[in-house]
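Residue numbers for the sequence shown follow this note's numbering, so the first one is 948 and each next one is one higher.
For glycine and all other residues, C-beta sits at the position ideal for the given N, C-alpha and C.
Inspection log for the structure reproduced underneath, given as structure tokens.
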Amino acid sequence: MKMTSIAARLVRAAAATALLAGPLAAGPAAAEEKMTIRLDFSPWGVHAGMHLAKEKGWFKDAGLDVDIQDGRGSGNTLQLVNAGQADVGQIQVGLLPQARENGSTAKAFAGFDKRTDLAVLVDQDSPVAKVADFKGKSLVVFAASPWAPFIDYWLKQGGLDRTTVNVMFVDPSAVWGTYTAKRADGLMSTEPSAIPVAAANRPSKAILAEDVGITFPSYGLIATEKTIDTRKDALKKLVQVQQKAWAYIRDGHIDEAADAIIKQRPNAKLDKKVLADQIKLTIDFFDTPNTKGKPIGYQSPDDWAKAAKSAVDAGAIKPGTDPATYFTNEFIQ
């Protein structure tokens, strides 16, 4: 009887422990899903959505364990994503038509900056105002720049080519030093990233690529078709977190977003004012007439059709490709 009583008490104690443990009694808690996100470049304002979400724990809340990596150009990040060395890339998605024609399987699954932000910086008081004015001038750019497929086409719009304009390709780390040291008359970059940085050492103005009809979707998220097919739940969560982050930033929290970048990259010696100005300009390029009123991340089929035409006109791709192959809105709500 004594042994039976002891056994009964042990059974009751075990049952009580199981009730207190709740779901943990069935096994360990579900692990956060790991995801590697490769950005386009070293830290700047367009990364605000990523760093703010990381800082505030929104990725973790969504069940994601996100590793955010700095990049060395949109083209380089696109190659790494296509090679499976990063799950997701945040890049200038306008590079996709040419990349896919060359065999890439990457496509855009969210677009944030939809308006073309490619620009050439020149001194603020420079008389240069259009492409033709660059005759005899020098331009600095890096090979993996989103400008790469459009350089010759852009020059052609002013009756120029690389014999009449000195286009200097340098390492990404040397681009800014070359321009601020005035070893180049112009810098081929994007307005949101470049204008705030140039303000301190070489105040500049931007001559936009869209002025000569170049339509180029700006920043968004890419993944390979395989990743899109096999990790739908994770990508949907990622998009929702980024929609939340950019809505929060746009609704009056630019300074907080700049602080988040600085906290996430403490060794980068970042300037809060520059970051805040970059974030503001990034938001200025969020929409085209075709995306106004649509959810953050939505991509317009008409905008992509225009982008494909620009790529054809620039000789970056052959005509006939369906622009719908470049993007998907399946994760946009």
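- Bounds of the beta strand (DSSP E) holding Phe1056 are 1053-1058.
- If you look at Glu1172, you'll find it isn't in any beta strand (DSSP E); it sits in the alpha helix (DSSP H) that goes 1172-1177.
- When C-beta atoms of the region 1041-1053 are compared with those of the region 1243-1260, three or more pairs fall below 8 Å, so the two segments count as touching.
- Distance from the CA atom of Val1040 to the CA atom of Pro1074, rounded to whole angstroms, is 32 Å.
- Annotated three-state conformation of Tyr1166 is strand, per DSSP.
- Secondary structure within the region 1011-1092: the beta strand (DSSP E) runs of 3 or more consecutive residues, fully enclosed, are 1011-1016, 1035-1039, 1053-1058, 1065-1070, 1085-1088 (chain order).
- Ranked by Cα distance from Lys1239, the first of Arg1019, Phe1059, Phe1006 is Phe1059.
- By the C-beta density criterion, Thr1177 is exposed, having fewer than 16 other C-beta atoms within 10 angstroms.
- Closest by C-alpha distance to Ile1175, out of Glu1277, Asp1012, Trp991, Phe1006, is Glu1277.
- By the CB criterion at 8 Å, Leu1042 and Leu1025 fall inside the cutoff.
- Distance from the CA of Ser1120 to the CA of Pro1270, rounded to the nearest whole angstrom, comes to 33 Å.
- Secondary structure at Phe1006: helix, using DSSP grouped into helix, strand and coil.
- Counting of Cβ neighbours within 10 angstroms places Pro1096 among the buried residues, the total reaching 16 or more.
- Counting only residues of its own chain and dropping the five nearest sequence neighbours on each side, Lys1152 has a CB closer than 6 Å to the CB of Gln1071.
- In this structure the region 1183-1191 does not lie against the region 1096-1106, because fewer than three pairs of beta carbons, one per stretch, are closer than 8 Å.
- The beta-carbon distance between Gly1036 and Arg985, rounded to whole angstroms, is 5 Å. This is short enough to meet the 8 Å contact definition.
- With respect to the 8 Å criterion, Ala978 and Gln1187 are not classified as neighbours on the basis of their beta carbons.
- Of the residues assessed, Thr1063 falls on the buried side of the cut-off, its CB having 16 or more other CB atoms within 10 angstroms.
- The Cβ atoms of Ala1192 and Ala1205 lie no closer than 8 Å to each other.
- Residue environment analysis places Lys1054 among the buried positions, since at least 16 neighbouring C-beta atoms fall within 10 angstroms of its C-beta.
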